[in-house]
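Colleague: Chains as they are written, first to last, in my numbering: chain X, 1 to 458; chain P, 1001 to 1458.
Virtual Cβ for every residue (Gly too), placed ideally from N, Cα, C.
All values reported here derive from a predicted model rather than from experimental measurement.
Here you go, one structure.
2 protein chains.
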Amino acid sequence: MAQKPSIAKGTRDFSPSEVNKRNYIFDIVKKHFKTYGFQPIETPSFENSETLMGKYGDEGDRLIFKILNSGDYLRKVDDKTYESKDATAMTAKISEKALRYDLTVPFARYVVMHQNEIDFPFKRYQIQPVWRADRPQKGRFREFFQCDADVVGSDSLLQEVEFVQLYDAVFTELGLQGVNIKLNNRKILAGIAEVIGERDKLIDFTVALDKLDKIGIDGITKEMREKGISEKAIEAAAPLFSLSGSNLEQLAVLKDLLKDSEEGSKGVSELTFIIETIASLGLQTAKLTIDVTLARGLNYYTGAIFEVGAPEGVQMGSIGGGGRYDDLTGIFGMKNVSGVGISFGLDRIYLVLEELNLFPEAIDQSLEVLCVNFGEKEGLAALKLVSRLRKMGVKSDLYPSAAKMQKQMKYANNRNVPYVVLIGEEELENNTFVVKNMLIGDQKTYSLNSPEEFINEL
Amino acid sequence: MAQKPSIAKGTRDFSPSEVNKRNYIFDIVKKHFKTYGFQPIETPSFENSETLMGKYGDEGDRLIFKILNSGDYLRKVDDKTYESKDATAMTAKISEKALRYDLTVPFARYVVMHQNEIDFPFKRYQIQPVWRADRPQKGRFREFFQCDADVVGSDSLLQEVEFVQLYDAVFTELGLQGVNIKLNNRKILAGIAEVIGERDKLIDFTVALDKLDKIGIDGITKEMREKGISEKAIEAAAPLFSLSGSNLEQLAVLKDLLKDSEEGSKGVSELTFIIETIASLGLQTAKLTIDVTLARGLNYYTGAIFEVGAPEGVQMGSIGGGGRYDDLTGIFGMKNVSGVGISFGLDRIYLVLEELNLFPEAIDQSLEVLCVNFGEKEGLAALKLVSRLRKMGVKSDLYPSAAKMQKQMKYANNRNVPYVVLIGEEELENNTFVVKNMLIGDQKTYSLNSPEEFINEL
Chain X
1 MAQKPSIAKG TRDFSPSEVN KRNYIFDIVK KHFKTYGFQP IETPSFENSE TLMGKYGDEG
61 DRLIFKILNS GDYLRKVDDK TYESKDATAM TAKISEKALR YDLTVPFARY VVMHQNEIDF
121 PFKRYQIQPV WRADRPQKGR FREFFQCDAD VVGSDSLLQE VEFVQLYDAV FTELGLQGVN
181 IKLNNRKILA GIAEVIGERD KLIDFTVALD KLDKIGIDGI TKEMREKGIS EKAIEAAAPL
241 FSLSGSNLEQ LAVLKDLLKD SEEGSKGVSE LTFIIETIAS LGLQTAKLTI DVTLARGLNY
301 YTGAIFEVGA PEGVQMGSIG GGGRYDDLTG IFGMKNVSGV GISFGLDRIY LVLEELNLFP
361 EAIDQSLEVL CVNFGEKEGL AALKLVSRLR KMGVKSDLYP SAAKMQKQMK YANNRNVPYV
421 VLIGEEELEN NTFVVKNMLI GDQKTYSLNS PEEFINEL
Chain P
1001 MAQKPSIAKG TRDFSPSEVN KRNYIFDIVK KHFKTYGFQP IETPSFENSE TLMGKYGDEG
1061 DRLIFKILNS GDYLRKVDDK TYESKDATAM TAKISEKALR YDLTVPFARY VVMHQNEIDF
1121 PFKRYQIQPV WRADRPQKGR FREFFQCDAD VVGSDSLLQE VEFVQLYDAV FTELGLQGVN
1181 IKLNNRKILA GIAEVIGERD KLIDFTVALD KLDKIGIDGI TKEMREKGIS EKAIEAAAPL
1241 FSLSGSNLEQ LAVLKDLLKD SEEGSKGVSE LTFIIETIAS LGLQTAKLTI DVTLARGLNY
1301 YTGAIFEVGA PEGVQMGSIG GGGRYDDLTG IFGMKNVSGV GISFGLDRIY LVLEELNLFP
1361 EAIDQSLEVL CVNFGEKEGL AALKLVSRLR KMGVKSDLYP SAAKMQKQMK YANNRNVPYV
1421 VLIGEEELEN NTFVVKNMLI GDQKTYSLNS PEEFINEL
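Dropping the structure here:
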C-alpha cells in the first residue's frame, strides 16, 4: 500500500506565493548589500564536526544536527565505546559531519582558509539556511534562513555607521517605516560595571538591566540584589534606570557617569561618533536610539551592539541585530581580525510585512496572459502567439488541452491571470485574437500579425 | 591550540566571483521558467526517512545522508538490534531523517500533501541543493544544486514542445549556441523490443544500443549476443544501427519498422507531433534531433525522453535532460497524475560557459566606485557622496580608514573598481571631487553640489 506522505517535524514547504514573498525580501536586502559594496559567498550545508562543535556552548552542541557516517559505520566503533552505550561517546565515532548551525562559524572558517585570496577589509554577505534541533514551536523552526552581512579586517567606526544606513535603506524600501535601530556598546556596559564596583558581575548586571522594560525599576533592583550586587552599586547605577531624553542628552549622562572608567569613556566616545555621523548624514525613515539595556550576545560582542525593533504598534521581537566582535577567526588560528556584522530576521520581517499588508499586490500574479485552448489548429496559432509574448518577457501560457471553457477560465481565475486570450475558429479565420481583461471585464480584438499592439498596452 | 580549519570532503566554498557566476546562470534560467508560466516551490533540506528510502534503488538508499536522532538516541535501540551491531538495522533505530537526494521525490510529496491548494496543471520549478554520499571525484560533489521544471496534471504533448522551446530560450540567452536537444520516446524503445521479439530484454537492448557512439555496430551486436538477444532480433533491429538523415527521414524509417507495434507506432506519432510543431514554431539557436539510442532513466520515463548535449567541440557530458513519467505521485497514493519535466545541469553549464568565456565581463565588478579616505573630515564628505551614489543604486564604498594611498589604490585594483573618487583637503575646500577612471587613466573634477553629473556619466 502506498504510504501517506508527511513532512519532517519543524520544517516547512514553501508554496509559490510564499517563495515569491520571501524572494521579494531577499532581493531588496541583496540589492542594498550590493550597493554597499558587500559580496556574496556560500559555504557548504555541512561541515566537519570539529569545525562546529564547541563553538556554541553545550546547548549549541546538543542542538547541532549530526550526520551519520556512510557504509558499515559501526565497524569503526571500538568495543569499549560500544559497550558503554553512551550516546555522546558514540556520536564522536559514528558521525564526522554536521549541519551548519549558523553562518558565522562557517564564515570564520572561510576567511581563514581563503585569507590569501581575500582583499581586506572583506565585506561579505551570505543568505543560506541553517539547522537547529530545537523543539519546534510557533515561529521556531528546525530549518530557517539566516541573512548576514559582515566586514572583517577593519576596526573603523565608519562600518558601524554604514550598517545603520544599510538597515535604514532596506527597511525603507520594504515600506517598513519607523523601525527602531537600538544601539549600545559593550564597553559602556563594562564601564558601568567598573564604576559601580561590580566588574565581576557584568553579566548578572546586564541580564537584569535588560529586563527594565518588562519588570520595571523595582523588579531589576530586586534581581540585582538577589545576584549579590551591592546597594551602593545599585545606587551608583541609578541614573541608568531612568535614562531618557534625546540621544545627545543620554550621551551626556553616560559621559558623566563613566568619566572615571577608561573603557566606559571609550564606549561613550564610540557611541557619540556613530550618533553624530548619522545625524550629519540623516536617515530616511528609521530611528536610531541609544539603549544601554541592550546586551544581546554579550560574550561575543566587544564594541557596538545593534538591534532593530519593528515599528511601534507591531507585536514582534527584534527583526535584526548585530555588533562588533574582535576575534572571529581566532578559533581557527588567525588573530587580530576585527569584524562587525548585522543580520536580518527573515521570518519575522515576512510576518510583519504580511501583517501590515506591505507585499506588492502583483506578487501573486505569476502569469500575465493565458491563452484558452480551443483545439489543435487553434492551439498551434495560440502557441505561436505565446512564443512571441514570452520572447518579449511576458509571462504567458497556453492551456495545455482543449478542456471545457469553464474549466480553463477557472484555472485563469485561480492563477490570478489579468489577461485571457481567445483564438477560436472565427478568430483563426480572421487572423485575429481577442483579449479579455479579467479585471474590468471588457474585450478587445487585435491582429495576429501585429501582437506588439497588445504587448505595448500591457 | 587553535585548530586548523578544513572543509568537509566533497563540498565546496563559493567565492564572490563564483556565486555571481552561478547566480548569473540561475537568474537566466529562472527568468525563462517564469515567462513560461512556471512557479517556484521550495521543500525542506531533510525529509522523514520513509519519504526517501526505497525510492532510488539499493544504491540510492546507500547514498542518502542520514541524520542522527537528537538526545540520548541509543536508549531507543532494543538489545537485540544493539547486539547484532548491524549498521543497516541500527540506522533504522537511530535515524529518522535524511537529506534530500533529489528534487523529484520531495516534489511528489509536495504535490500529494498540497493537492487541494494546487491548480492543475501545476507548473513548478525548484532550484535547491541535494546531497549524495558518493565518493567525491573530479566534477562529482556531495552537495550540488539541482534545477528542475515539471508540469504535472497534463498529458498534453504541448508540454514537451514547450520544454524544447524553453531549453532553446535559456541556452540562447546564455550565449551557448548550437546545443543539441536529443529526443526519444520510451514507447519507441518498447516498440522496437516488441517487433524484434525481445520484449523481455528491453533494458539489455537499450543499454547496448546506448553505447553505439562509443563501441560501434560491432560492439553493440556483440553485447546484444552476450545478453542472449537472438540473431534474428539483431538483424531486425539493424535499421536502427545506421539511422541517419533528417528528423523526418528517420521518422519514416521508424514508422515503417514499428508499423506492427501499437505502442511503437504511438511513440512515433508522439515524436512526430513534437518534431513537426517545433519545426512550425522554429528554434532560435538550438538543434532538435531524434536519438533512438537515448535511454536515460528508462525505468522511470514513459513517454518523451530529452537530453541536451553541449555545442560541438566542447568536451562535456549532457548539460540537461528529462522526460515524461506517468506515475510520479503513485508512491504516495495519488494515482493518474501524468507529468513531464526537465533539468539543467548547473555545474556543467558553468564549466562550459567558463571554457567558452561566455560570462559577462562586468560579473566581477562588484564595486563601481571607491572613495579614497584621506582622514576624518574628508572621509565624512566622501561618505555623504557615497550615500548619494548608493541611493541612486550605484555600488560604491568609502575605504574605511585613512590608510596609505598605495594601499587604498591596491584595494581598488584588486576589486576591479572602474572609478576611484578622490576628496582631499584641496577638493574639500573647493567643494569638489575628482574621479579617476581606472581603465583609461584620466581624471575629471566635479562639484560636490551636483554629483548627478558624474552619476549620469556612469
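Please report the straight-line C-alpha distance between residue 1222 (chain P) and residue 1264 (chain P), rounded to a whole angstrom.
Modeller: 25 Å
Colleague: By the DSSP assignment, the beta strand (DSSP E) with residue 481 (chain X) in it spans what residues?
Modeller: Given that chain X is displayed from residue 1 to residue 458, the structure contains no residue 481 (chain X) and the question cannot be resolved.
Colleague: Which ranges would you report for the alpha helix (DSSP H) in the stretch 1255-1336 of chain P if only whole runs of at least 4 residues count?
Modeller: If we require 4 residues or more, the alpha helix (DSSP H) runs fully inside the stretch 1255-1336 of chain P come out as 1262-1281.
Colleague: Is there a Cβ from chain P that is less than 8 Å from the Cβ of residue 424 (chain X)?
Modeller: no
Colleague: Where does residue 947 (chain P) sit, in a helix, a strand or coil, going by DSSP?
Modeller: In the structure as shown, chain P starts at 1001 and stops at 1458, and residue 947 (chain P) therefore has no counterpart that could be examined.
Colleague: Check each residue of the stretch 1025-1050 of chain P: if its Cβ is closer than 7 Å to any Cβ of chain X, include it; give the result in chain order.
Modeller: For the stretch 1025-1050 of chain P, the set of positions with a beta-carbon nearer than 7 Å to some beta-carbon of chain X reads 1034, 1035, 1036, 1037, 1039, 1040, 1041, 1042, 1043, 1044, 1045, 1046, 1047, 1048, 1050 in chain order.
Colleague: From the DSSP output, which residues share a beta bridge with residue 1040 (chain P)?
Modeller: Looking at the DSSP assignment, residue 1040 (chain P) forms a beta bridge with P:1125.
Colleague: Could you tell me which chain P residues have their CB closer than 9 Å to the CB of residue 85 (chain X), listed as they occur along the chain?
Modeller: 1074, 1075, 1077, 1082
Colleague: Have a look at residue 252 (chain X) and residue 290 (chain X) and give me their C-alpha separation to the nearest angstrom.
Modeller: 12 Å
Colleague: Does any residue of chain P bring its CB to less than 8 Å from the CB of residue 133 (chain X)?
Modeller: yes
Colleague: Given that residue 1004 (chain P) touches chain X, what residues does it touch there, using C-beta distances under 8 Å?
Modeller: 332, 333
Colleague: Taking 8 Å as the cut-off, decide whether the C-beta atoms of residue 1126 (chain P) and residue 1107 (chain P) are in contact.
Modeller: yes
Colleague: Out of P:1200, P:1112, P:1118, point me to the one whose CA is closest to residue 1330 (chain P)'s CA.
Modeller: P:1112
Colleague: For residue 1225 (chain P), which of P:1205, P:1242, P:1214 has the nearest alpha-carbon?
Modeller: P:1205
Colleague: Would a check of beta-carbon distances place residue 1019 (chain P) closer than 8 Å to chain X?
Modeller: For residue 1019 (chain P), a Cβ of chain X is located within less than 8 Å of the residue's own Cβ.
Colleague: Is residue 12 (chain X) helix, strand or coil when you go by DSSP?
Modeller: Note: residue 12 (chain X) maps to coil in three-state DSSP.
Colleague: Report all residues from its chain with a CB closer than 7 Å to the CB of residue 990 (chain P); omit the five preceding and five following residues, and keep chain order.
Modeller: Look at the range of chain P in this structure, 1001 to 1458, and you will see that residue 990 (chain P) is not part of it.
Colleague: If contacts are defined as beta-carbon pairs under 8 Å, then residue 1087 (chain P) and residue 1081 (chain P) qualify, I think. What distance do you get, rounded to the angstrom?
Modeller: Going by Cβ atoms, the distance from residue 1087 (chain P) to residue 1081 (chain P) rounds to 11 Å, so no, they are not a contact pair.
Colleague: Let me know if residue 1217 (chain P) comes out buried or exposed under the rule of 16 or more other beta-carbons within 10 Å of its beta-carbon.
Modeller: Exposed: under 16 other Cβ atoms inside 10 Å.
Colleague: Nearest to residue 478 (chain X) by alpha carbon, out of X:302, X:140, X:185?
Modeller: Outside the modelled stretch of chain X, which goes from 1 to 458, sits residue 478 (chain X), for which no answer is possible.
Colleague: So if DSSP puts residue 140 (chain X) in a beta bridge, which residue, or which two residues, is it bridged to?
Modeller: Paired residues: X:137.
Colleague: With residue 1180 (chain P) and residue 1309 (chain P) assumed to form a contact (beta carbons below 8 Å), what rounded beta-carbon distance in angstroms separates them?
Modeller: Right, the Cβ-Cβ distance comes to about 4 Å (below 8 Å), so this counts as a contact.
Colleague: So that I know if they touch, is there some Cβ in chain X lying closer than 8 Å to that of residue 1119 (chain P)?
Modeller: Cβ-Cβ to chain X under 8 Å: yes for residue 1119 (chain P).
Colleague: Three Cβ pairs or more, each shorter than 8 Å: is that satisfied between the stretch 357-368 of chain X and the stretch 401-417 of chain X?
Modeller: yes
Colleague: Span of the alpha helix (DSSP H) holding residue 1226 (chain P)?
Modeller: 1212-1226
Colleague: Just list the residues that DSSP pairs residue 339 (chain X) with in beta bridges.
Modeller: X:152, X:325
Colleague: Can you name the start and end residues of the alpha helix (DSSP H) that residue 1093 (chain P) belongs to?
Modeller: 1087-1094
Colleague: Just the chain X side, please: which residues come within less than 7 Å of residue 1394 (chain P) by C-beta, in chain order?
Modeller: 35
Colleague: Assuming the contact rule is C-beta atoms closer than 8 Å, residue 311 (chain X) and residue 441 (chain X) should be a hit. Round their C-beta distance to whole Å, please.
Modeller: Rounded, the Cβ-Cβ distance is 38 Å, inconsistent with contact.
Colleague: Can you say whether residue 248 (chain X) is buried or exposed, counting buried as having 16 or more other CB atoms within 10 angstroms of its CB?
Modeller: exposed
Colleague: When you compare only the Cα positions, how much space is there between residue 55 (chain X) and residue 328 (chain X)?
Modeller: Note on geometry: alpha-carbon atoms of residue 55 (chain X) and residue 328 (chain X) lie some 11 Å from one another.
Colleague: Which two residues bound the contiguous beta strand (DSSP E) that contains residue 1182 (chain P)?
Modeller: 1180-1185
Colleague: Is the shortest distance between the beta-carbon of residue 1300 (chain P) and the beta-carbons of chain X less than 8 Å?
Modeller: It does not: the Cβ of residue 1300 (chain P) has no partner Cβ on chain X nearer than 8 Å.
Colleague: According to DSSP, is residue 1397 (chain P) part of a helix, a strand, or is it coil?
Modeller: strand
Colleague: Residue 110 (chain X) touches chain P at which residues, Cβ-Cβ below 8 Å?
Modeller: 1013
Colleague: In the DSSP output, which residue or residues are listed as bridge partners for residue 130 (chain X)?
Modeller: Note: residue 130 (chain X) sits in a beta bridge opposite X:144.
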